[in-house]
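K.L.:
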Amino acid sequence: MVAKLIVFLLILTYFGLVGSKDLDELKDLLYLSHYGPDNPYDSRIFPCHFEYCLVGVELSFQPKSITGFVMETGILSLTGKISLSWVDQNIGEWMIGSEHSSITEMILPEDYVWLPTITVYNTVKEFKMVSDPSHKVRILPISGTGTQSPIEWVTTLITDIPCVIDVKYYPFDEQTCEIVFTPWGYNVSEVYLYTADDVLNTAQYEINEEWTLQAGAASNYSVDGISYLKYEFTLKRKYLWFFINMVAPIILLSMLTAFVNMIPVDCGERLTFLLTIFLGLAFYMDMVQRTIPRTSNPMPFISFYLTGMVYLNSFAIIINIFLMRIYNKDPDSTVPVAVRCFIATLTWRWCCPKKVKPDPDAVQPIETDKEHTIPVETITLAPMERIDWRTTGIALDILFFYVFTFMHVLCSILFLVPLSQGAIYKI
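Residues -20 to -1, 1 to 407 in mature numbering (1 follows the signal peptide of the UniProt record, and there is no 0) are what the sequence shown lists, from first letter to last.
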C-alpha cells in the first residue's frame, strides 16, 4: 500500500494536476490524509475549525443572456456564470503535509469538498443552492509560506427574478432589476459574501433583440445577521419597433377624428368613418394592455392618450348623429330664434353683416337705354335672416372641426409631450 501511494505521488509531482481518472485514488488520499482514518476530511464539515472563524467568499456574477421578460408579471428569466473563491483551512492543513507537498493543483467534483450554500435570495423559482454536479472545483496551490488553500468554483445559473416595472414612458421605458445572493444557512459571522466588482460584469453578455442591458452597481450588506450580495442593472427597451408599429399609427389614427366633419353629409359615410376609427383605437388599446402589467401606479402616458382618443371619438359619433338630423330637417320649417342667434354669432353676422346678390333669374337689371344699364344692388341681410337648417348644419360642421382639432392637440400636449420628453431623457 505504501509503495502504491509513493507511485501515485510521483505521478502527481510529474504532471502537477489531478485528472478525473485519478479521482477515486485522490478521494482516498483526501479522506485518509493528515487527519488519519479516524479523523478524515469531510465535505460536510465547515472549513474553519477555530473558535472564531469567518469564511470570506468572493463572488462574481456575469450575466450570459436574457431568455425572457414577462412584462405583465415583471418576471425576468436570465442565465449567467457565477465564480466563487474561498479558503478551506482543512484542505490547507492536509496539503502542507510533507508527503503531499508535491501536489500543486487539484480538480475535484463538487461533492468532494465543502461548498458555500449560495442561493438566489429573490428568485421566484424553487429556492435551492446554486450547483451543478457536472461542474468541477479547483483547488489551487498554496502561495508562499501560507497554510491556507484557495478554492475556485465556477458554476452556471438559470433563474427567474422579479423586477420593479415602471411603464410610465412606455415604449420608451427602462426597467430596474436586481439579483441578490446569500449563503443560506450561515450567518454573517460564519460566511461573508463580497465581490471585487464595482459594477456588474457584462463582458460575456449576449445582445438581446428587445432589451439593452446597462450594468449597475454591486454592493454587499447584511440584514438580521445574514450576509447578502446584490447586483443591480437596468433594462432599456429598444423602442423603434414599438414606435413604428404602435405609437405612430395611434397618433395618425386619432388625427382622423377631426376630419369627419369635412366629409359631405350627403354621402352618408360619416358614422362608418368614425366607427372604423373607434375599432382601430380599441385594437391598439388592447395591444397595449396585453404588453404591460395591469397596474395603476404608474399608468403609461400612452394609455391615457388612447383613452382620451376613444372618448373623443365617441363624442364625435354622438355629435354627428345630431348633425345628420339637422341636415335632414324640413327645409321649410323655421329654425328657432335661439339657434339662429347662435349661428349668427358663430358666423360673425352681427359685426360683419352678410351681403348677397339677388337671384339673376328672378330680378332683371333696369335698362334706361341701349347704352346705360342700372345694375342690381347687393342686398345686406339682417343678422338672423336666411338662416335655415342646412346653413345651421354647415356652421356646426365648421365649429366641431375646430373643436375636435383643438381637443386632439390638447390631448397630445397633455400626454404625448411628456412621453416624448421621457423618450429624450431615456435616449
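For each residue, glycine too, the CB sits at the ideal point set by N, CA and C.
Count the other CB atoms, across all protein chains shown, that sit within 10 Å of the CB of Q184; report buried if there are 16 or more and exposed otherwise.
P.N.:
Position 204 of the sequence shown, counted from the first residue, corresponds to residue 184. It counts as exposed.
K.L.:
For a quick check, are the C-beta atoms of F395 and F284 less than 7 Å apart?
P.N.:
Working through the sequence shown from its first residue, we reach residue 395 at position 415. Working through the sequence shown from its first residue, we reach residue 284 at position 304. Yes, Cβ-Cβ distance for F395 and F284 is below 7 Å.
K.L.:
Do Y211 and Y201 come within 7 Å of each other at the CB atom, strictly closer than that value?
P.N.:
Walking along the sequence shown from the start, residue 201 turns up at place 221. Walking along the sequence shown from the start, residue 211 turns up at place 231. No, they are not a contact pair.
K.L.:
Could you round the C-beta distance between T237 and L286 to whole angstroms and report it? I think they count as a contact, below 8 Å.
P.N.:
For the purposes of this step, residue 237 is taken as residue 257 along the sequence shown, with counting starting at 1. For the purposes of this step, residue 286 is taken as residue 306 along the sequence shown, with counting starting at 1. No, T237 and L286 are not in contact; Cβ-Cβ is about 13 Å, not under 8 Å.
K.L.:
Name the DSSP bridge partner or partners of R217?
P.N.:
Within the sequence shown, the letter at position 237 stands for residue 217. Answer is W191.
K.L.:
I'd like the ranges of any alpha helix (DSSP H) spanning at least 4 consecutive residues and lying wholly in the region 225 to 276.
P.N.:
228 to 235, 250 to 271
K.L.:
Between which two residues does the beta strand (DSSP E) harbouring R118 extend?
P.N.:
As a first step, residue 118 is located in the sequence shown; it is residue number 138 there, counting from the start. R118: member of the beta strand (DSSP E) spanning 116 to 119, first to last residue.
K.L.:
Would G248 be called buried (16 or more neighbouring beta carbons within 10 Å of its own) or exposed?
P.N.:
As a working mapping, residue 248 is identified with position 268 in the sequence shown. Exposed, because fewer than 16 other Cβ atoms sit within 10 Å of the Cβ of G248.
K.L.:
From W66 to E132, what does the alpha carbon distance come to, in whole angstroms?
P.N.:
Stepping through the sequence shown from its first residue, residue 66 is reached at position 86. Stepping through the sequence shown from its first residue, residue 132 is reached at position 152. Going from the Cα of W66 to the Cα of E132 covers about 7 Å.
K.L.:
Return the chain-ordered list of same chain residues with a C-beta closer than 8 Å to the C-beta of V117, the five sequence neighbours on each side being excluded.
P.N.:
Within the sequence shown, numbered from 1, the residue matching residue 117 stands at position 137. Only I87, L88, P89, E90, Y92, V93, L95, I131, E132, W133 meet the Cβ criterion.
K.L.:
For L254, which residues in the same chain have their Cβ closer than 8 Å to its Cβ, ignoring the five residues on either side in sequence?
P.N.:
Translated into positions along the sequence shown, residue 254 becomes position 274. T237, V240, N293, A296, I297, N300.
K.L.:
Give me the Cα-Cα distance between C33 and I98, rounded to the nearest whole angstrom.
P.N.:
Counting from 1 along the sequence shown, the entry for residue 33 is found at position 53. Counting from 1 along the sequence shown, the entry for residue 98 is found at position 118. Roughly 19 Å separates the two Cα atoms.
K.L.:
Straight-line CA distance for T219 to F281?
P.N.:
Translated into positions along the sequence shown, residue 219 becomes position 239. Translated into positions along the sequence shown, residue 281 becomes position 301. Here residue 219 turns out to be Tyr, not Thr, going by the sequence shown. Approximately 15 Å between the Cα atoms of the pair.
K.L.:
Just grab the DSSP bridge partners of Q155 for me.
P.N.:
Looking up residue 155 in the sequence shown gives position 175. Q155 is bridged to L215.
K.L.:
With DSSP collapsed to three states, give me the class of P43.
P.N.:
In the sequence shown, the residue the question calls residue 43 occupies position 63. Here P43 sits in strand by DSSP.
K.L.:
So I282 is in the alpha helix (DSSP H); what residue range does that whole segment cover?
P.N.:
Here residue 282 refers to the residue found at position 302 of the sequence shown. Run containing I282: 281 to 307, per the alpha helix (DSSP H) assignment.
K.L.:
The alpha helix (DSSP H) that contains Y382, what's its start and end?
P.N.:
In the sequence shown, counting from the first residue as 1, residue 382 sits at position 402. 369 to 391 is the span of the alpha helix (DSSP H), which, as asked, contains Y382.
K.L.:
Assuming contact is defined by CB atoms lying nearer than 7 Å, are T214 and T162 in contact in what I supplied?
P.N.:
By 1-based counting over the sequence shown, the position of residue 214 is 234. By 1-based counting over the sequence shown, the position of residue 162 is 182. No, the Cβ-Cβ distance between T214 and T162 is not below 7 Å.
K.L.:
Can you tell me whether E90 is helix, strand or coil according to DSSP?
P.N.:
Locating residue 90 in the sequence shown gives position 110, where the first residue counts as 1. The answer is helix: DSSP assigns E90 an H, G or I state.
K.L.:
Just the Cα atoms here: how many angstroms apart are G54 and V104?
P.N.:
Along the sequence shown, read from residue 1 onward, the residue named residue 54 stands at position 74. Along the sequence shown, read from residue 1 onward, the residue named residue 104 stands at position 124. Near 11 Å, if we compare the C-alpha coordinates of V104 and G54.
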